[in-house]
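I have placed the structure first, in the form of structure tokens, so that the comments after it can refer back to it.
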Amino acid sequence: MPAAQIKTKIITNRRLKANYWHLEFESGLIARSARPGQFVNIRVNDLLEPLLRRPLSIHGVKGARVKVIYEVLGKGTQALSQRKSGEFLDIIGPLGNGFDYPSAAKSKGKYILVAGGMGVAPLLFLAEKLKTLKPLVLIGARAKELIICTPEFKALGAEIKLATDDGSAGFNGRVTQLLEIELKQTRAAVIFACGPHPMLKAAAQIAASSQLPAQLSLEAHMACGIGACLGCVVSTKDGYKSVCKDGPVFSGQDLIW
Amino acid sequence: MVKKIKPNLSVKIGKLEMKNPVMVASGTFGYAAEFRELMDLKKLGAIVTKTITLKGRQGNLPPRTCETPAGMLNSIGLENPGIDRFIGEKLVFLKKLGVPVIVSIAAENNPEEFITLANKLNGFMEIAAIELNISCPNLQKDKLISQDPRATFALVEAVRRVTEKCLIVKLSPNVSSITEIALSAVQAGADALALINTLGGMCIDVNKQTPKLGAWVGGLSGPAIRPVAVKMVWEVYNKTKVPIIGMGGIIDVSSALEFFLAGAAAISVGTANFVNPRASLEIITGLERYMAEHNLQNLSALTGKLKACKN
Ligand SMILES: Cc1cc2nc3c(=O)[nH]c(=O)nc-3n(C[C@H](O)[C@H](O)[C@H](O)COP(=O)(O)OP(=O)(O)OC[C@H]3O[C@@H](n4cnc5c(N)ncnc54)[C@H](O)[C@@H]3O)c2cc1C
Ligand SMILES: Cc1cc2nc3c(=O)[nH]c(=O)nc-3n(C[C@H](O)[C@H](O)[C@H](O)COP(=O)(O)O)c2cc1C
Ligand code: FES
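Just so you know, the protein sequences line up as chains Y and G, in that order.
Read left to right, the first sequence gives residues 574 to 830 (the working numbering).
Read left to right, the second sequence gives residues 11 to 321 (the working numbering).
Laid out in structure tokens, this is it:
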């Protein structure tokens with residue numbers, strides 16, 4: 574599906590909790606063609622600071638509306654959080670390959686979605702598409718108050734399990750440790766994961782040792798977002814690939830960590 | 011009411027004829043296909059490809075880009091498929107556009123590679139010009155060709171001997187005298203000069219206490235370098251007759267106009283393609299409007315028409 578550069582009004586841009594924000598804008602073009610795992614590249618203001626766009630995953634679409642959730646980290650996301658509804662945003666999307674969920678599973682079993690922190694963003698959109706399969710969703714965060722989107726996953730009929738580093742909710746430990754435990758009890762078919770790099774690496778190793786296919790959504794610093802600058806590359810068995818165009822979703826077995 | 015004129019934006023650089031003076035800079039536009047969904051490529055004055063080497067290169071260790079105040083650093087390291095795959099896979103799309111294609115080339119080890127590359131490109135009618143990238147800071151060489159007037163002269167002269175195509179020489183700002191290098195390239199037969207390539211730079215992550223780029227250092231581009239670029243264009247314009255393709259931090263028509271006034275015959279949009287893929291097309295319309303408003307029939311009435319400050 575073709576990507577487009579659009580200027581569109583912000584419908585909502587509000588804080589969810591902690592440093593997490595929710596942004597919604599209207600774009601029939603993007604909403605119609607977006608697939609889970611794809612992202613939009615947003616120019617957060619018209620100034621020279623920050624100069625580059627910021628990539629954010631598509632969290633969901635509803636009619637012509639596109640939803641994004643983001644964590645305020647540095648100056649780009651900070652500036653975005655200052656933008657008010659009714660103001661215009663310059664957005665390019667949908668970009669990237671997205672999850673290959675229709676042909677993901679090689680065998681019968683559970684679809685397991687593993688999210689670390691903000692990694693829930695693209696996985697909720699994916700869970701919507703996998704609704705009839707009742708996926709198992711594992712969400713990890715540092716603490717209970719940093720876990721988001723559980724009601725939305727529940728509404729889709731997904732089974733949810735939590736992991737927190739401080740034990741304030743669910744399993745006390747990393748979400749990938751929880752994944753290992755789950756794999757001992759559940760017959761799984763495929764793993765989809767999004768989160769920080771070390772978490773994805775661990776998820777890929779666990780999937781490989783269980784002989785399960787894994788699709789991982791990666792992050793990289795981006796300049797163009799459309800495969801032109803070759804700035805966002807990641808090492809694969811086939812040489813360097815761009816995260817923005819060849820990815821952001823890669824098969825675990827193709828990546829060199 | 012004064013009747014507004016319809017300005018003529020066309021420009022000729024050696025044998026290279028362009029319908030307007032706005033091109034896209036090497037390495038910031040891939041091989042054009044990457045931008046096809048986002049803009050009407052046919053409107054561009056010319057397209058410069060990513061720099062091509064004889065053999066394919068996988069480029070430098072990531073991370074390869076990092077944002078800086080009003081700019082960015084890159085250390086891509088000339089990742090490209092090599093000349094044969096470029097011709098087989100990338101040129102096919104470019105050829106069909108009907109826009110002059112300028113192929114940027116570089117040598118990895120031996121300047122002789124430039125000759126082989128030029129020879130391979132000579133046969134393609136659709137290639138309107140060859141740009142010699144003798145100024146890439148990401149090859150981890152002690153010295154760039156464009157940092158040495160004699161090496162610049164020798165190389166340009168040697169390539170001049172094997173090609174009749176319009177020959178553009180791209181210069182590095184990392185020199186003590188840009189005019190000295192420019193004159194060497196001109197005396198050796200360059201049809202045009204492209205300036206500037208990126209400025210050497212470095213960024214450090216103070217929490218990790220590491221460089222932000224995998225290659226440690228990279229090239230700075232974007233609005234941050236514009237004043238440096240404008241000055242160099244102006245200096246070179248005052249010393250040579252050959253057309254100058256000005257670039258460095260151009261993001262809109264006003265920044266493009268600075269370059270024309272300083273002496274550029276054409277301009278190239280680089281980093282701005284990432285920020286706003288339509289920047290080059292907006293510059294073309296803005297330029298046309300500016301020329302009409304200032305009653306300028308041709309670009310020659312704009313290039314180098316800088317005046318002294320009046321008190
Ligand atoms: C395909 C893709 C999808 C993404 N989806 C989401 C999402 O849905 N929600 C969300 O909150 N974040 C998402 N991110 C990460 C988000 O792009 C960065 O957090 C954001 O760009 C940081 O910008 P900043 O200016 O606020 O921070 P900066 O000041 O630039 O940096 C703050 C921190 O973020 C890191 N960072 C900066 N840029 C990036 C980047 N492009 N990728 C990863 N880390 C970066 C820096 O290293 C630093 O640690 C995604 C990234 C990619 C590549
Ligand atoms: C990501 C990136 C890659 C580049 N690659 C090349 C290249 O392959 N060859 C080249 O001659 N210049 C290359 N350049 C330099 C640009 O063509 C241009 O000279 C420079 O960026 C200054 O212009 P700007 O500030 O408008 O970007 C690159 C620049 C960037 C930002
Ligand atoms: S960000 Fe330019 S190639 Fe991915």
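Here a beta-carbon is modelled for each residue, glycine too, at the ideal position from N, C-alpha and C.
These numbers come from a predicted model, not from an experiment.
For this session: Pull up the CB-CB distance for R74(G) and V806(Y), whole angstroms please, since I reckon it's below 8 Å.
Result: Distance from R74(G) to V806(Y) at the Cβ level is roughly 7 Å; contact confirmed, criterion being Cβ atoms closer than 8 Å.
Exercise. Is G812(Y) near ligand 2, in the sense that its beta carbon is under 7 Å from a heavy atom of that ligand?
Worked result: Result no, Cβ not under 7 Å from ligand 2.
Exercise. Of all the beta strand (DSSP E) runs that stay within the bounds of the stretch 252-286 of chain G, which reach a length of 3 or more residues?
Worked result: Counting whole runs of 3 or more residues, the stretch 252-286 of chain G contains the beta strand (DSSP E) stretches 254-256, 276-279.
Problem set entry | Spatially closest choice to S83(G) from G199(G), C146(G), A192(G), L64(G), by CA coordinates | It is worth fixing the name first, because residue 83(G) is Leu in this sequence and not Ser. Closest by alpha carbon: C146(G).
Exercise. Between V238(G) and ligand 2, is the CB less than 7 Å from at least one heavy atom?
Worked result: In terms of side-chain proximity, the C-beta atom of V238(G) is found no nearer than 7 Å to any non-hydrogen atom of ligand 2.
Exercise. How would you call S194(G), buried or exposed, if buried means at least 16 neighbouring beta carbons within 10 angstroms?
Worked result: Buried.
For this session: Please state if the CB of L791(Y) and the CB of G820(Y) are separated by a distance shorter than 8 Å.
Result: Yes; because the gap between Cβ atoms is below 8 Å, this pair is in contact.
Exercise. Taking any Cβ of chain Y, which residues in the stretch 126-158 of chain G have a Cβ under 8 Å from it, in chain order?
Worked result: With the criterion set as a beta carbon lying under 8 Å from some beta carbon of chain Y, the stretch 126-158 of chain G has no members that meet it.
Exercise. At least one CB of chain Y closer than 8 Å to the CB of G81(G): is that the case?
Worked result: At a cut-off of 8 Å between beta carbons, G81(G) contacts chain Y.
Exercise. Residue range of the beta strand (DSSP E) that I115(G) falls in?
Worked result: Note, I115(G): beta strand (DSSP E), 111-115.
Exercise. For M257(G), is the beta carbon positioned less than 7 Å from some heavy atom of ligand 1?
Worked result: M257(G) Cβ: outside cutoff for every heavy atom of ligand 1.
For this session: Would you mind reading off the limits of the beta strand (DSSP E) that contains E732(Y)?
Result: 732-737 is the span of the beta strand (DSSP E), which, as asked, contains E732(Y).
Exercise. Who are the near neighbours of K29(G) in its chain, counting only those whose CB is closer than 8 Å to its CB and skipping five residues on each side?
Worked result: Here the set comprises L19, S20, G55.
Exercise. Which runs of the beta strand (DSSP E) fall wholly inside the stretch 634-671 of chain Y and span at least 3 residues, in chain order?
Worked result: The stretch 634-671 of chain Y contains these whole beta strand (DSSP E) runs: 638-644, 661-668.
For this session: Under the assumption that L625(Y) contacts F284(G) (Cβ atoms under 8 Å), give the Cβ distance between them as a whole number of angstroms.
Result: Taking C-beta atoms under 8 Å as the contact rule, L625(Y) and F284(G) qualify, at a distance of about 6 Å.
Exercise. Shortest alpha-carbon distance to V613(Y) belongs to which of P575(Y), G647(Y), S658(Y), L729(Y)?
Worked result: If you compare the alpha carbons of P575(Y), G647(Y), S658(Y), L729(Y) with that of V613(Y), the shortest gap goes to P575(Y).
For this session: Return helix, strand or coil for V617(Y), following the three-state DSSP convention.
Result: Here V617(Y) sits in coil by DSSP.
Exercise. Can you name the residues of chain G whose CB is closer than 7 Å to the CB of C767(Y)?
Worked result: Contact of C767(Y) with chain G by beta-carbon distance below 7 Å is absent, the smallest such distance being about 19 Å.
For this session: Between the Cα of K317(G) and those of I97(G), A272(G), N286(G), A139(G), spot the shortest distance and give me the residue it belongs to.
Result: Per the Cα distances, A272(G).
Problem set entry | Residue burial classification, H304(G) (beta-carbon count within 10 angstroms, cutoff 16) | Result: exposed.
For this session: Name, going along the chain, the residues of the stretch 95-109 of chain G whose beta-carbon falls closer than 7 Å to a beta-carbon of chain Y.
Result: None of the residues of the stretch 95-109 of chain G has a beta carbon lying less than 7 Å from any beta carbon of chain Y.
Exercise. Just how far apart, CA to CA, sit C817(Y) and I214(G)?
Worked result: Distance between the alpha carbons of C817(Y) and I214(G): 24 Å.
Problem set entry | Proximal residues of chain Y, C-beta to C-beta of N84(G) below 8 Å | Under the 8 Å cutoff, chain Y gives A796, C802, G804.
Exercise. Got a sec: is the Cβ-Cβ distance from G666(Y) to anything in chain A below 8 Å?
Worked result: Going by chain labels, chain A is absent from the structure shown, which instead holds the protein chains Y and G.
For this session: Return the residue from the list V58(G), N207(G), L127(G), G258(G) that minimises the CA-CA distance to V169(G).
Result: Nearest of V58(G), N207(G), L127(G), G258(G) to V169(G), Cα basis: L127(G).
Exercise. Based on the DSSP secondary-structure assignment, which residues constitute the bridge partners of T78(G)?
Worked result: In DSSP, T78(G) forms a bridge with G81(G).
For this session: Could you tell me which uninterrupted beta strand (DSSP E) segments, each at least 3 residues in length, are contained entirely in the stretch 100-173 of chain G, listed from first to last along the chain?
Result: Complete beta strand (DSSP E) runs here, min 3: 111-115, 137-143.
Exercise. Within 8 Å (strictly less), CB to CB, does R288(G) reach chain Y?
Worked result: Chain Y has a Cβ within less than 8 Å of the Cβ of R288(G).
Exercise. Can you find a C-beta in chain G that's less than 8 Å from the C-beta of G671(Y)?
Worked result: For G671(Y), the answer is no, since every Cβ of chain G falls outside 8 Å of its Cβ.
For this session: Go ahead and pull the three-state DSSP assignment for G825(Y).
Result: Helix at G825(Y).
Problem set entry | Residue of G812(Y), V822(Y), Y813(Y), G798(Y) minimising C-alpha distance to F322(G) | There is simply no residue 322(G) to check, as chain G begins at 11 and stops at 321 in what is shown.
For this session: Run the proximity test for S343(G): is its beta-carbon closer than 7 Å to any non-hydrogen atom belonging to ligand 1?
Result: It is not possible to answer for residue 343(G), since the shown part of chain G is limited to 11 through 321.
For this session: For the stretch 52-76 of chain G, enumerate the residues whose C-beta is nearer than 7 Å to any C-beta of chain Y, in chain order.
Result: So the list reads Q68, G69, P72, P73, R74, T75, C76, given in the order they occur along the chain.
Exercise. Would you call L589(Y) buried or exposed, if buried means 16 or more other Cβ atoms sit within 10 Å of its Cβ?
Worked result: So L589(Y) counts as exposed.
Problem set entry | Closer than 8 Å at the beta carbon, the chain G residues around L756(Y) | None at all; the shortest Cβ gap to chain G is about 31 Å.
Problem set entry | Inter-residue CB distance, A139(G) and L26(G) (contact presumed, cutoff 8 Å) | Between A139(G) and L26(G), the beta carbon gap of about 5 Å places them in contact (Cβ cut-off 8 Å).
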